[in-house]
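Visitor: Per the numbering used here, the very first residue in the sequence shown carries number 33; after that it's consecutive. Think of the CB as a built atom: it goes at the ideal place given N, C-alpha and C, for glycine as much as any other residue. In this text, all values refer to a predicted model and were calculated from it rather than measured experimentally.
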Amino acid sequence: MKSLVIVESPAKRDTIGKYLKDVEGEYTVEASIGHIRDLSNTGKGGLGVDVENGFKPFYIINPDKRDVVNKLKKVAKVNDEVIIATDPDREGEAIGWHLVEVLGLDVHTTKRIEFHEITRESIKNAMGQPRTIDLNLKASQETRRIIDRISGFKLSKLLQKKIKSRSAGRVQSVTLKFIVDREREIDAFVPEEYWTIEASLEIDGKTIPLTFKRLDGKKVELHTKDDSDALVARLGPTIDLIDVKQTERHKSPKPPFKTSTLQQEAFAKFKYSTKRTNAIASTLYEGVNIGTETVGLITYIRTDSTRLSETFINRAHNYIKERFGDDYIAPLRLVKKGLLAQDAHEAIRPTGNHRTPESMAPFLKPDQLKLYTLIYNRALASLMPDKIEQVTTYTFDSNRVEFTSEGVITKFDGFTKLYQLGEDEENVLPALVPPATYPFSNFKGKQNFTKPPARYSEAKIVEEMEKNGIGRPSTYSATIETLKQRDYVTSKAGFLTPTDQGKCTISYLELYFPGFINPKFTADMEKQLDDVQEGSHASLDILTSYYHTLEDEIAKAGEPLPTENCVKEFGICPKCGTGHLIEKKGKFGSFIACSNFPSCKYIQKEPKKEPEKVGRLCPKCGHELLIKHQKKNGKPFIACSNFPSCTYIESFKPAKVAEE
Numbered sequence: 033m034k035s036l037v038i039v040e041s042p043a044k045r046d047t048i049g050k051y052l053k054d055v056e057g058e059y060t061v062e063a064s065i066g067h068i069r070d071l072s073n074t075g076k077g078g079l080g081v082d083v084e085n086g087f088k089p090f091y092i093i094n095p096d097k098r099d100v101v102n103k104l105k106k107v108a109k110v111n112d113e114v115i116i117a118t119d120p121d122r123e124g125e126a127i128g129w130h131l132v133e134v135l136g137l138d139v140h141t142t143k144r145i146e147f148h149e150i151t152r153e154s155i156k157n158a159m160g161q162p163r164t165i166d167l168n169l170k171a172s173q174e175t176r177r178i179i180d181r182i183s184g185f186k187l188s189k190l191l192q193k194k195i196k197s198r199s200a201g202r203v204q205s206v207t208l209k210f211i212v213d214r215e216r217e218i219d220a221f222v223p224e225e226y227w228t229i230e231a232s233l234e235i236d237g238k239t240i241p242l243t244f245k246r247l248d249g250k251k252v253e254l255h256t257k258d259d260s261d262a263l264v265a266r267l268g269p270t271i272d273l274i275d276v277k278q279t280e281r282h283k284s285p286k287p288p289f290k291t292s293t294l295q296q297e298a299f300a301k302f303k304y305s306t307k308r309t310n311a312i313a314s315t316l317y318e319g320v321n322i323g324t325e326t327v328g329l330i331t332y333i334r335t336d337s338t339r340l341s342e343t344f345i346n347r348a349h350n351y352i353k354e355r356f357g358d359d360y361i362a363p364l365r366l367v368k369k370g371l372l373a374q375d376a377h378e379a380i381r382p383t384g385n386h387r388t389p390e391s392m393a394p395f396l397k398p399d400q401l402k403l404y405t406l407i408y409n410r411a412l413a414s415l416m417p418d419k420i421e422q423v424t425t426y427t428f429d430s431n432r433v434e435f436t437s438e439g440v441i442t443k444f445d446g447f448t449k450l451y452q453l454g455e456d457e458e459n460v461l462p463a464l465v466p467p468a469t470y471p472f473s474n475f476k477g478k479q480n481f482t483k484p485p486a487r488y489s490e491a492k493i494v495e496e497m498e499k500n501g502i503g504r505p506s507t508y509s510a511t512i513e514t515l516k517q518r519d520y521v522t523s524k525a526g527f528l529t530p531t532d533q534g535k536c537t538i539s540y541l542e543l544y545f546p547g548f549i550n551p552k553f554t555a556d557m558e559k560q561l562d563d564v565q566e567g568s569h570a571s572l573d574i575l576t577s578y579y580h581t582l583e584d585e586i587a588k589a590g591e592p593l594p595t596e597n598c599v600k601e602f603g604i605c606p607k608c609g610t611g612h613l614i615e616k617k618g619k620f621g622s623f624i625a626c627s628n629f630p631s632c633k634y635i636q637k638e639p640k641k642e643p644e645k646v647g648r649l650c651p652k653c654g655h656e657l658l659i660k661h662q663k664k665n666g667k668p669f670i671a672c673s674n675f676p677s678c679t680y681i682e683s684f685k686p687a688k689v690a691e692e
């Protein structure tokens, strides 16, 4: 039998095509290159949806995909069957459904295969276990797309009219509010003074740093220089070692990566943006040529699960035992689900333990190798035992001023054989036995000031989105990119700062659409979409409620209030006496008008600027020559002030600046 297998990307097409040579049958693999259809701009309000008839969507083939669709139709005709092999998530299911519709196939019988890693074994297994399109999963994506279209066309249109902002969205607007709120905290922050004591001892040629703990047996805060000076004055020329305690400290490995934590760790270690991390990870998932074959090195990258399959765990345990020994295998840990976690996929992990980072290094680009090493080591380390440290705490006393010093040595390295935490440096202190007295003179007070909260990094905003149930693994990076493209935020060294337009957008939405940018509203919407996916919630109920609620709020929305970020105010309107004169943006630039428009149509006229005098008289009539500007392009020229009686003009030549 001849079969056409349709995947999403050309990279996957090439990799899977090679694997299917080992599967019985004759296969042609083609790529849809993402979505082939989207909502049209027809219908009420250009939504592409029949609002009066159950929000029925109207789809059109994307203009840039017409050639792709035509090719798929031709290839489908010369094959006995079509097999859908798009990504295993909402978007992939929707793409598969659109392909079935466009190619005129039966949705109830067309084969749909699902795989979470692109390896020879997983593709072969998937081909042997086909299913059909999950219509609930498709309905969930369709509902989300219609909601986004409603927001995009209706609310975005209002924002463009009122404040010249380009768009709003369920996820992007809430995410922007997080960033704006953090900036407000920074702006409102008032530094507070506090003092610390810097002290150390020299014992056996080693400097031992001391940390101030208590004064007269009590914890105290040093707010001023006087507080610091008073404490320093208490310290004598010697200090006594009064106690030594040894404890054991365990550090557990972190779970394997999901989408959000991979983005966060890649930023922390390599300063990769979320977009760059996704792009690199996609190449590792879709297939890398490793000499003898092309293989996907990691599992599917859009996941909110930290679960590992039993098959992988068994293989990993055998590998860890063989490489490090029995002591490096830990009992399985309980996997915790995050807020609204789907757990439909595994965590991001390597597809083969034998493909170590070292063995893959010759075939990978530097950034691919960095990310693969991170993913590989984190997945295996999650199955290894805790790191065990011996902590020795010395307590010193000088005139009832207590200090401590902590030494740390590793008793068992555990998972850090593979995955370093970044703060694993040992601090070996000399073996000291109380009671003992040492000379003490190296101490002083240090002035400090509290610091404002840090701006969100791209990785941290992803963490905040996940914590609040905002968005999904497939949308984290895209949301940040949208905010940057809309000029709502700027990203410098990976840290996000809201622009004035971004602040303006949130100010307006807070004023008229507070529910829309409430994180709980967006999280509840995500939960409802999940329920549609599970078949326990009707999409029509969600769409009807959302549409009419938004319609009512838009009808009540007025003008933006004067704020430092959104609208500049220039006093009370001289015509109506109640409105504010505010800056507006029009087709030909900014102007000042009454906030009570359209009931008051006052527009402040700009005072005419007096033309600049040249300092010469017109050679034709003897009047002053002036510098004027062309209306079309603003270029200066010289003309007679006696125009139109005198029409003398000459070109403008700027005076040359003498060189020093």
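1. Quick check on the DSSP output: the alpha helix (DSSP H) that includes Ser-64 runs from which residue to which?
2. Rounded to whole angstroms, what is the Cα-Cα separation between Lys-251 and Tyr-226?
3. If you measure between the beta carbons of Leu-273 and Leu-453, is that distance less than 7 Å?
4. Using the Cα positions of Ile-659 and Arg-98, report the straight-line distance between them to the nearest angstrom.
5. Below 6 Å CB to CB, which residues in the same chain sit around Ser-571 once its five sequence neighbours on both sides are set aside?
6. Would you kindly work out how many angstroms separate the C-alpha atoms of Gly-49 and Leu-541, rounded to a whole number?
7. Can you tell me where the alpha helix (DSSP H) holding Glu-325 begins and where it ends?
8. Figure out for me which residue from Ala-510, Pro-651 and Ile-68 has the closest Cα to the Cα of Thr-291.
9. Name the two residues that bound the continuous beta strand (DSSP E) containing Gly-439.
10. Where does His-282 sit, in a helix, a strand or coil, going by DSSP?
11. When we look at the beta-carbon of Lys-397 and count the other beta-carbons within 10 Å, is it buried (16 or more) or exposed?
12. Please determine if the region 249-263 and the region 310-325 are in contact, where contact requires at least 3 C-beta pairs separated by less than 8 Å.
13. Which of the three DSSP states is assigned to Tyr-451 in this structure?
14. Short of 6 Å in beta carbon distance, which residues of its chain neighbour Glu-496, apart from the five on each side in sequence? Order them along the chain.
15. Excluding sequence positions up to five away, which residues of its chain have a Cβ less than 8 Å from the Cβ of Ile-28?
16. Between the alpha carbons of Glu-591 and Pro-95, how many angstroms are there, rounded?
17. Keeping to the same chain, check which residues put their C-beta closer than 7 Å to that of Gly-370; ignore five residues upstream and five downstream.
18. Taking 7 Å as the threshold (C-beta atoms), are Glu-123 and Asp-31 in contact?
19. As a quick exercise: from Pro-668, Lys-616, Val-139 and Tyr-317, pick the residue whose alpha carbon is nearest that of Asn-628.
20. What does a CB cutoff of less than 7 Å around Lys-645 pick up in its chain, not counting 5 residues either side in sequence?
21. Using the C-alpha atoms, what's the distance from Arg-334 back to Ile-38?
22. Whole angstroms are fine: how far does the CA of Pro-462 sit from the CA of Asp-236?
23. Give the DSSP bridge partners of Asp-272, in chain order.
24. Whole angstroms is fine: what's the gap from Ala-373's alpha carbon to Gly-503's?
25. Output the boundary residues of the beta strand (DSSP E) element that contains Glu-656.
26. Going along the chain, which unbroken runs of the alpha helix (DSSP H) with 4 or more residues stay wholly within the region 456-528?
27. Thr-537 and Ser-197: beta carbons closer than 7 Å?
28. Considering only their Cβ atoms, is the gap separating Tyr-426 from Val-276 smaller than 7 Å?
29. I'd like to check one pair, Ile-352 with Phe-289: are the Cβ atoms closer than 7 Å?
30. Alpha carbon to alpha carbon, what distance is there between Thr-610 and Phe-602?
31. For Gly-86, I'd like the list of residues in its chain whose CB is within less than 8 Å of its CB, leaving aside the five on either flank, ordered along the chain.
32. State whether the region 542-559 contacts the region 215-234, with contact taken as three or more CB pairs (one from each stretch) at a distance under 8 Å.
33. How would you write the range of the alpha helix (DSSP H) that Cys-536 sits in, first residue to last?
34. Which term fits Gln-173, buried or exposed, when burial requires 16 or more other beta carbons within 10 angstroms of its beta carbon?
35. What are the start and end residues of each continuous alpha helix (DSSP H) run of 4 or more residues lying completely inside the region 340-364, in chain order?
Guide: Reading off the structure:
1. Your numbering for residue 64 matches position 32 in the sequence shown. From DSSP, Ser-64 is part of no alpha helix (DSSP H); its letter is neither H nor E.
2. Working through the sequence shown from its first residue, we reach residue 251 at position 219. Working through the sequence shown from its first residue, we reach residue 226 at position 194. Just so you know, the alpha carbons of Lys-251 and Tyr-226 end up roughly 14 Å apart.
3. As a first step, residue 273 is located in the sequence shown; it is residue number 241 there, counting from the start. As a first step, residue 453 is located in the sequence shown; it is residue number 421 there, counting from the start. By the CB criterion at 7 Å, Leu-273 and Leu-453 fall outside the cutoff.
4. By 1-based counting over the sequence shown, the position of residue 659 is 627. By 1-based counting over the sequence shown, the position of residue 98 is 66. Near 57 Å, if we compare the C-alpha coordinates of Arg-98 and Ile-659.
5. For the purposes of this step, residue 571 is taken as residue 539 along the sequence shown, with counting starting at 1. If we look at Ser-571 and ignore the five residues flanking it on each side, its Cβ neighbours are Ala-171, Thr-175 and Val-564.
6. Taking the sequence shown and counting its residues from 1, the one referred to as residue 49 is at position 17. Taking the sequence shown and counting its residues from 1, the one referred to as residue 541 is at position 509. Between Gly-49 and Leu-541, the C-alpha separation is close to 49 Å.
7. Within the sequence shown, the letter at position 293 stands for residue 325. No alpha helix (DSSP H) holds Glu-325; DSSP gives it neither H nor E.
8. To locate residue 291, count along the sequence shown from 1; it is residue 259. Looking at the Cα atoms, Ala-510 is the closest of the given residues.
9. For the purposes of this step, residue 439 is identified with residue 407 of the sequence shown, where counting begins at 1. Taken as a continuous stretch (DSSP letters only), the beta strand (DSSP E) holding Gly-439 covers 433-444.
10. Here residue 282 refers to the residue found at position 250 when the sequence shown is read from its first residue. In this structure, DSSP gives His-282 an extended state, which the three-state scheme calls strand.
11. Here residue 397 refers to the residue found at position 365 of the sequence shown. Exposed, by the Cβ-count rule.
12. With contact defined as three or more Cβ pairs closer than 8 Å, the region 249-263 and the region 310-325 are not in contact.
13. Against the sequence shown, residue 451 aligns to sequence position 419. Correct three-state label for Tyr-451: coil.
14. Your numbering for residue 496 matches position 464 in the sequence shown. These residues qualify, in order along the chain: Phe-210.
15. Residue 28 is absent from the structure shown; the chain starts at 33 and stops at 692.
16. As a working mapping, residue 591 is identified with position 559 in the sequence shown. As a working mapping, residue 95 is identified with position 63 in the sequence shown. In a straight line, the C-alpha of Glu-591 is about 37 Å away from that of Pro-95.
17. The count along the sequence shown starts at 1 and reaches residue 370 at position 338. Summary for Gly-370: the model assigns pLDDT 48, below 50, so the residue's position carries little reliability; its value from the coordinates is reported in the next sentence. Within the same chain, Gly-370 has close Cβ partners Asp-336 and Glu-498.
18. Not covered by the structure: residue 31. The range shown for the chain is 33 to 692.
19. In the sequence shown, the residue the question calls residue 628 occupies position 596. Asn-628 has its Cα closest to that of Lys-616, out of Pro-668, Lys-616, Val-139 and Tyr-317.
20. As a working mapping, residue 645 is identified with position 613 in the sequence shown. The answer, listed in chain order, is Glu-656 and Leu-658.
21. Against the sequence shown, residue 38 aligns to sequence position 6. Against the sequence shown, residue 334 aligns to sequence position 302. Near 20 Å, if we compare the C-alpha coordinates of Arg-334 and Ile-38.
22. The residue you call residue 236 lines up with position 204 of the sequence shown. The residue you call residue 462 lines up with position 430 of the sequence shown. When rounded, the distance between both Cα atoms is 7 Å.
23. The count along the sequence shown starts at 1 and reaches residue 272 at position 240. Asp-272 is bridged to Asp-429 and Thr-469.
24. Within the sequence shown, residue 373 is the residue found at index 341, counting from 1. Within the sequence shown, residue 503 is the residue found at index 471, counting from 1. Because Ala-373 carries a pLDDT of 43, less than 50, the predicted location of this residue cannot be relied on, and the following value inherits that uncertainty. Their Cα atoms are separated by approximately 11 Å.
25. Indexing the sequence shown from 1 puts residue 656 at position 624. Looking at the DSSP string, the run of the beta strand (DSSP E) that includes Glu-656 is 656-661.
26. Positions of the alpha helix (DSSP H) runs, each at least 4 residues long and wholly inside the region 456-528, are given as 490-499 and 508-517 in order along the chain.
27. Residue numbering aside, residue 537 sits at position 505 when the sequence shown is read from its first letter. Residue numbering aside, residue 197 sits at position 165 when the sequence shown is read from its first letter. In this structure, Ser-197 lies closer than 7 Å to Thr-537 by Cβ.
28. Mapped onto the sequence shown, residue 276 falls at position 244. Mapped onto the sequence shown, residue 426 falls at position 394. In terms of Cβ geometry, Val-276 and Tyr-426 form a close pair [threshold 7 Å].
29. One-based indexing of the sequence shown puts residue 289 at position 257. One-based indexing of the sequence shown puts residue 352 at position 320. No, they are not a contact pair.
30. Position 570 of the sequence shown, counted from the first residue, corresponds to residue 602. Position 578 of the sequence shown, counted from the first residue, corresponds to residue 610. Taking the straight line joining both Cα atoms gives about 13 Å.
31. Position 54 of the sequence shown holds residue 86. Leu-572.
32. Because the criterion of three Cβ pairs below 8 Å is not met, the region 542-559 and the region 215-234 do not touch.
33. What you label residue 536 is simply residue 504 of the sequence shown in a count that begins at 1. Residues 532-544.
34. For the purposes of this step, residue 173 is taken as the residue at position 141 of the sequence shown. Buried.
35. Listed in chain order, the alpha helix (DSSP H) runs fully inside the region 340-364 are 342-356, counting runs of at least 4 residues.
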